[in-house]
Each structure stands twice: as C-alpha cells, then as structure tokens.
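One structure is given here, and the rest of the page talks about it.
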Amino acid sequence: MRIGYACLTVGVPDTAIKSCLVKNASGTRLRNLISHNLNSLENIISYNGKNNIGLFRISSGLIPFASHPINQIPWWEIYKNEFLQIGQKIKANNIRVSMHPGQYTVLNSPFDEVVARALADLEYHSLVLDSLGVGADHKIILHIGGVYNNKKTAMKRFIINFKRVSDSVKRRIVIENDDKSYNIKDVLEIASDLKIPVVFDKLHNDINPADKRKSAIDWIKVCRKTWRQKDGIQKIHYSQQHPDKKTGSHSESINLDEFYEFYGSLKRKDIDIMFEVKDKNISALNCLDYIKQKKSRD
DNA sequence: CCGCGTCAAGTTCAT
DNA sequence: ATGAACTTGACGCGG
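End of the first sequence sits at 282 in my numbering; the numbers just go up one at a time, nothing left out.
Here's what the structure looks like:
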C-alpha cells in the first residue's frame, strides 16, 4: 500500500508551483515559470522519496496555460532533459504519480469547442507523464462531466468522445465518481464499456451514493476488477468531511483513528490511497507513522 | 510594501 | 437572466 497527497506540499522549501495572469503570459515569463515549476517538482519528488511517500498527484498548473493558445512554448522539447531527470528520480524512489484535470475539462459537453479544449487538455496531461518517461500505471484521473438534463445521453456522449483521445491518453485514463452527478454505479457502467479503470472516491460516495445498502468496501471490491495488470495496483481517493464547512469540503487534516478504522476494514492492502486533505504531506506522513506504530505493537 | 479584488476554462444552482 | 460556487489559493494592481 502507498499513501499520497495532491499537488503541493506544506512547509517544504522551494516546492511552490507558480503561475501568472494570462495577460502577463509572455514567452519569457512562461519559460521562467516552467523552469521554476520543474525545479519545484523535482524538490517535491525528492522530499517524497526521502519520506517514503509513494504516491503523488502532479499539479495541472505545472505548465501554466499549457492547453491555452497563449502558450506556444514547445516545453516538452526545451525541458526534455529536466523531465527525464525527474522521471528517473520518480522511478528510483518507486513513486507513482498521477494527474487530475479540473472542473473545466469536460469531455462530455454538447458543445464541440468545449470538447476540443478538453481533448487538448487531456493531451497536455499525458504529454507531461510521457515526458517523465513513466509507465501506463501513472494515471490521469477524470470526472465524467455534466448531465445536461439527460444523464443517459450525457454518458453516451462521454463514451463517443473518449474515442477521440490519443492512444497515449487512453492508456492512462481512469474515471472517478463525483459528489453530485455521476455516482460509482454510473462510472462503473461507462468503465465497463470503455474497458478503463475506476478510482473509487470514498467521500464522494458518502455524499452521492449509488446504493445506500452497499459499503465503501463493497464498491472498492467491485472497482478492483477494473484495474488490469498494465494499469498497476488499484487506486482510491480518500478524504474526510470538514466538520464546519459545506458537504464535500475536505478536512484540514486526516483524523488518524477514523482513517485507521477504514484502513483496517480493507480486505486487500495492495492498494494505493490518495488523500485529498488541506494539510497535504503532513497528514500523509502522520498516517504512515500511525500505521507503522500500530503494526509494531502487534 | 501591503491588502484585497481578480483570475482561462464549464456546469449547476440559487436568486 | 444573472451571478456565485466549486477546490481555494495566489497573482499583482493600486494605494
């Protein structure tokens, strides 16, 4: 089992991912930002390696405005060596990385311009992972998108538009249940058609359950079947509800006992768990420590 | 130098 | 019809 966190670190020097406003995105500015961000990424990977954090989500902001026409920099060529060097470090430390396009990447939109931008954005994400030289078990996690008052049609459109992505995106893509529209059952249905893996998101399923009689553990077992050998071991998302904020907001940190209970109920420990939590690496470290302590007491 | 309004993008929901 | 929320911070203008 590996535990990981998303996009950024707390309290680790020289690891910030920077950006700028689009109106300031000159070629020089973008090159400086990319160069800076790659250096930050390398520092994050070093930190993760040193601390046995085996899972990490790379920020989509690594290359600012990567799929926007303002950015015409052939970054994958210019920084080829930097990417390969970081990729070596990822492999040397047995780290599994991933990426996760945000809410604006909507593959199932009825508007073709929106779909075109989503396709470009997916190609960007896979180009980052390809440039690192990491295998197909380093995934791109995607939500299904909008419903547009007709879920069946919208799901069909996702399946149709999926056929438009390149093979290098196809081999990496994984779909995830969300907190509002597409529950785990919907996502499994699409995944079965496309033969792609499913990331089970526990908090999203708590909020937007497909079947209240089924537990998270039940769904994790079903989702396991969608992960083939070449996809690497099964991955899930784990987060806890912030006590005061609205439904779906992530907690500041992971409650260790609550997590340990969940961890204990997992039938199989050959699973990767991505935390979505405000304090990022801090909670990842705390949980790793906690599990270690508990084990040494047995 | 500091504070706060604004930021590429899409969809949904509240008003 | 219009605007805010979303995950939520960080950029950068204006004082």
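All C-beta atoms in this analysis are idealised placements derived from N, C-alpha and C, irrespective of residue type, glycine included. Predicted model, so just to flag it, every value in this text is computed and none were measured.
Counted within 10 angstroms of its Cβ, other Cβ atoms place residue i as buried (16 or more) or exposed
i, result
"residue -14", "buried"
"residue 96", "exposed"
"residue 245", "exposed"
"residue 224", "buried"
"residue 41", "buried"
Sub-8 Å separation of residue i and residue j beta-carbons
i, j, result
"residue 238", "residue 267", "yes"
"residue 113", "residue 156", "yes"
"residue 175", "residue 137", "no"
"residue 168", "residue 194", "yes"
"residue 85", "residue 44", "yes"
"residue 270", "residue -6", "no"
"residue 46", "residue 25", "yes"
"residue 149", "residue 103", "yes"
"residue 106", "residue 99", "no"
Residues near residue i in its chain [Cβ-Cβ closer than 6 Å; skip 5 each side]
i, result
"residue 49", "9, 55"
"residue 163", "188, 191, 192, 232"
Contacting residues, own chain, Cβ-Cβ under 8 Å from residue i (five flanking each side not counted)
i, result
"residue 205", "251"
"residue 254", "-15, 217, 218"
N-terminal and C-terminal residue of the alpha helix (DSSP H) that residue i is part of
i, result
"residue 160", "Not the alpha helix (DSSP H): residue 160 falls in the beta strand (DSSP E), residues 157 to 160."
"residue 248", "240 to 249"
"residue 202", "200 to 208"
"residue 118", "It is not in any alpha helix (DSSP H) - residue 118 carries neither H nor E in the DSSP assignment."
"residue 67", "64 to 76"
"residue 146", "135 to 146"
"residue 273", "265 to 281"
"residue 182", "Here residue 182 belongs to no alpha helix (DSSP H); instead the beta strand (DSSP E) covers 182 to 185."
Run of the beta strand (DSSP E) containing residue i, from where it starts to where it stops
i, result
"residue 221", "219 to 222"
"residue -11", "-14 to -10"
"residue 171", "Note, residue 171: premise wrong, no beta strand (DSSP E); alpha helix (DSSP H) at 168 to 178."
7 Å CB neighbourhood of residue i in its chain, flanking five on each side removed
i, result
"residue 178", "143, 146"
"residue 249", "201"
Does the segment 210 to 227 touch the segment 178 to 190, meaning 3 or more C-beta pairs lie closer than 8 Å?
yes
Closer than 8 Å is the cut-off here; do at least three beta carbon pairs connect the segment 127 to 147 with the segment 65 to 80?
no
Check whether the segment 131 to 146 touches the segment 196 to 203, taking contact to mean three or more Cβ pairs, one atom from each stretch, closer than 8 Å.
no
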